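Protein chains in written order, with this note's numbering: chain W, 2 to 395; chain Z, 2 to 395. For each residue, glycine too, the CB sits at the ideal point set by N, CA and C. On a predicted model such as this, the values are computed, not experimentally measured, just so you know. The structure appears below as structure tokens.
There are 2 protein chains.
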Amino acid sequence: MARSFFSHLECSRCARRFDPGTIQTFCPECNQPLLAIYNLSEARKHLNPRMLSDREGSLWRYRELLPVLDDANIVSLGEGWTPLIHTRRLGERIGTPRLYIKEEGVNPTGSFKARGLCLAVSKGVELGVRSMAIPSAGNAGGALAAYAAKSGIEAHIFVPHETPMVNKEEVAYFGADLHLIEGLISDAAKKMNELNMGGKWFDVSTMKEPYRLEGKKTMGYELAEQFSWTLPDVILYPTGGGTGIIGMWKAFSELEQLGWIRGKKPRMVSVQASGCAPVVRAFTRKDKKSEFWDNATTIASGLRVPKAFGDVLIMQSIYQSGGTAVPVDDADMIRTIREVAAEEGLLLCPEGAACVAAVQKLRKDNFLSPSETVVVFNTASGYKYREVLSSLAS
Amino acid sequence: MARSFFSHLECSRCARRFDPGTIQTFCPECNQPLLAIYNLSEARKHLNPRMLSDREGSLWRYRELLPVLDDANIVSLGEGWTPLIHTRRLGERIGTPRLYIKEEGVNPTGSFKARGLCLAVSKGVELGVRSMAIPSAGNAGGALAAYAAKSGIEAHIFVPHETPMVNKEEVAYFGADLHLIEGLISDAAKKMNELNMGGKWFDVSTMKEPYRLEGKKTMGYELAEQFSWTLPDVILYPTGGGTGIIGMWKAFSELEQLGWIRGKKPRMVSVQASGCAPVVRAFTRKDKKSEFWDNATTIASGLRVPKAFGDVLIMQSIYQSGGTAVPVDDADMIRTIREVAAEEGLLLCPEGAACVAAVQKLRKDNFLSPSETVVVFNTASGYKYREVLSSLAS
């Protein structure tokens, strides 16, 4: 049996093929992300859901549908296969009793970023990459630093000065090279590109490298498996770079082609901070892509992303699924962190709390009905947001 | 099929039986912990390891060997089934290439305490308990607060003033009642007992309540399953209250009776801080129990336990297994946190780092041979120890 049914890379816009045996970034013609394509008709003959049921409790249970060819290249810290928690009391209070939280905070380095960077580093090892660089709002930098440490790859992390201290500390502990930049993640990216003249470092920026998406798509596989190969009605996802929303939408398409799921796919809801909501604005305008958001500001550091490189694919996922996009105020995130902690014993990150607050909004607006199954992603451990939480603890 | 093969409670010393249908604490005659006893000869007829392989990724995969009778009483936040990570580079450097870290930091509330408190709260719900109290060095208090929040039980947490701020904050967020006490966990326990005259709160102190141990024993079940129903040669465990070491030793005995493992059991190594090492001192003196350690001091808050109520059982586990007890200086913990982060991408807590440092000591002393399989427990997320880490980041 094949270990991976990975076939090739193709441009998400022009469908031009790219050789997966060498290092690739994005389509230079379209300036759009590349997607990993699998031989799913072949996979369908060899794989079925029952074969997965007794596999290891990590995202590597979907081994054949991930792009790493040789097991020896896998760099793993135990990422993925995170709990899906039925938050019944919370759900009943806000009128959606079938409310679940997918708790991504228990990933290595305490955030969902581990999934993507695990794949980027593992595939990087396979392709002979020796150094990587990333602009980050915080958690992605920490995750790259950890996987780079384990693999022996050199890592250069560019983060805004305002990035939470915990992210700066973790990068230092993992032995990566930390660059603090005035401004936002977009400024960090600029500075990185300046210093990376000649491309001595492999740039693993969100969606400018094809394999982080493959790590993130496993959130979609896991949801399907945890719901016994059905899917929820609605998924709310906090959207910075948006790899998760794109990845899950890709996963659902792959699962359909595999014949493992059927019927209606979830409505994908992008949740952003009111102080940085380029996707919400684009959705309101019915645009196909977003515009740069000036003066981004929010306590949710993961949402301080003024424009996502993969915005076209984010918007497609929302439109195709019949979803929507919701802005949430910082004050509502804070209130929700308190409520969910006291009610469900879960310490959410502001980004996850934003999604719970969005459920309340959408229930009031009747976008959500009481009988629907709703999944919210808590993308990072609340314990990584102590600067926010401490300042609020009264 | 029975949902639980739980039979009754008995005193770990005099073997007197106690009714599991009512609230129990410890044996009033012997002043020793009670143990949960299962009908394992019956369980053996109905259960086998293959039946577990496709179960949920939490400690509830061992459902029938846990004391909760009715599923409706389970209060779960996704605890257990934590990664077992082969730390090859670290192991090769220190001369034990078959070195594994069991990463307990990805449990709910970021520590291994979730396992025990999950069971104490779930069984408490089953027995109609409405309020609980606990003296804690920090993480146990946070875990109780979380499970109490989810269950609706009222919780009173007594911690030393010196407890890390994160533990005080999490308790406040989870809506529990926080009491800050001058002194150590032993002083917190005294104060709690003063205020709890009449026993209005159910005391879930380590080993004074019989079910936390049942949650902790699942670490032993998981190790056996993750190593395909064999066991490692040596286990190093940071010992505060010692429930884990006692629980794993109990698990291995149960697994033998079930016929799921055979042969030699692991040598159990208790690791403590040089500044608070009552178990190490007792081992050196070949004593059956420990004496109170005066002026306990260490950066590892989980090891600031001057005397464990379950010390007799801890010493038995060490002696019966041919284990040992090792003290580690704070400076060695700090050095080790740095080394393991840079080498393996894992941010250990000081207690886990103490165990890695102990591996180095024991390898030098030839207690460990290079061919042996060694497991170290990282009992909490390094992200919960930012006060320690920040002060050290240079």
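Would you kindly report the start and end of the unbroken alpha helix (DSSP H) that includes residue i?
i              : result
M316 (chain Z) : D312 to S322
F284 (chain W) : P279 to T285
I182 (chain W) : Run containing I182 (chain W): none in the alpha helix (DSSP H); it sits in the beta strand (DSSP E), D178 to I182.
E11 (chain W)  : Here E11 (chain W) belongs to no alpha helix (DSSP H); instead the beta strand (DSSP E) covers F7 to C12.
M193 (chain Z) : I186 to L196
A141 (chain W) : N140 to S152
K308 (chain Z) : Careful: K308 (chain Z) lies outside any alpha helix (DSSP H) and carries neither H nor E.
K289 (chain Z) : Segment: none, K289 (chain Z) is in no alpha helix (DSSP H) and carries neither H nor E.
Y174 (chain W) : M166 to Y174
Please tell me whether residue i has its Cβ less than 7 Å away from any Cβ of chain Z.
i              : result
F159 (chain W) : no
G79 (chain W)  : yes
D55 (chain W)  : yes
A103 (chain W) : What sits at residue 103 (chain W) in the sequence shown is Lys, not Ala. With 7 Å as the cut-off, K103 (chain W) does not count as an interface residue toward chain Z.
G353 (chain W) : no
G111 (chain W) : yes
G58 (chain W)  : yes
G346 (chain W) : yes
V377 (chain W) : no
V357 (chain W) : no
L145 (chain W) : no
E170 (chain W) : yes
L390 (chain W) : yes
Y148 (chain W) : yes
I86 (chain W)  : yes
K201 (chain W) : no
With a threshold of 7 Å between beta-carbons, can residue i be considered close to chain W, or not?
i              : result
M2 (chain Z)   : The predicted position of M2 (chain Z) is uncertain, since its pLDDT is 45 and thus under 50; no value can be drawn from it.
K124 (chain Z) : no
K114 (chain Z) : no
W82 (chain Z)  : yes
F175 (chain Z) : yes
K308 (chain Z) : no
I246 (chain Z) : no
V130 (chain Z) : no
A121 (chain Z) : no
K385 (chain Z) : yes
A343 (chain Z) : yes
R18 (chain Z)  : no
V107 (chain Z) : yes
K218 (chain Z) : no
K251 (chain Z) : no
With DSSP as the reference, identify every bridge partner of residue i, one or two as the case may be.
i              : result
S382 (chain Z) : Z:L349
Q227 (chain W) : DSSP lists no partner for Q227 (chain W).
V272 (chain Z) : Z:P239 and Z:V327
A37 (chain Z)  : Z:L10
R18 (chain Z)  : Z:E11
F430 (chain Z) : Only positions 2 to 395 of chain Z appear in the structure, and residue 430 (chain Z) is not among them; the question remains open.
F203 (chain W) : W:M133
V377 (chain Z) : Z:I102 and Z:L237
What span of residues does the beta strand (DSSP E) with residue i cover, start to end?
i              : result
E43 (chain Z)  : Premise fails: E43 (chain Z) lies in the alpha helix (DSSP H), L41 to H47, not in any beta strand (DSSP E).
A134 (chain Z) : S132 to P136
E155 (chain Z) : E155 to P161
Pull up the CB-CB distance for residue i and residue j, whole angstroms please, since I reckon it's below 8 Å.
i              : j              : result
G176 (chain Z) : I158 (chain Z) : Wrong, their Cβ atoms sit about 11 Å apart, outside the cutoff.
Q33 (chain Z)  : S13 (chain Z)  : 5 Å
Y431 (chain W) : V167 (chain Z) : This structure leaves residue 431 (chain W) out entirely; chain W is present only between 2 and 395.
I186 (chain Z) : P211 (chain Z) : No, I186 (chain Z) and P211 (chain Z) are not in contact; Cβ-Cβ is about 20 Å, not under 8 Å.
Y148 (chain W) : L214 (chain W) : About 16 Å separates the two Cβ atoms, so there is no contact after all.
A381 (chain Z) : N140 (chain Z) : 6 Å
V270 (chain Z) : V313 (chain Z) : Incorrect: roughly 18 Å between the Cβ atoms, too far for contact.
P351 (chain W) : S275 (chain W) : Actually they are not in contact, since the Cβ atoms of P351 (chain W) and S275 (chain W) sit about 12 Å apart, beyond 8 Å.
L35 (chain W)  : E11 (chain W)  : 7 Å
C356 (chain W) : Y238 (chain W) : 7 Å
F19 (chain Z)  : K209 (chain Z) : So it is not a contact: roughly 13 Å between Cβ atoms.
D333 (chain Z) : A358 (chain Z) : 4 Å
A138 (chain Z) : V306 (chain Z) : 6 Å
Quick one: complete beta strand (DSSP E) runs, 3+ long, within the stretch 53-128 of chain W?
85-87 and 100-104
Whole runs of the beta strand (DSSP E) within the stretch 234-263 of chain W, excluding any shorter than 3 residues
235-239
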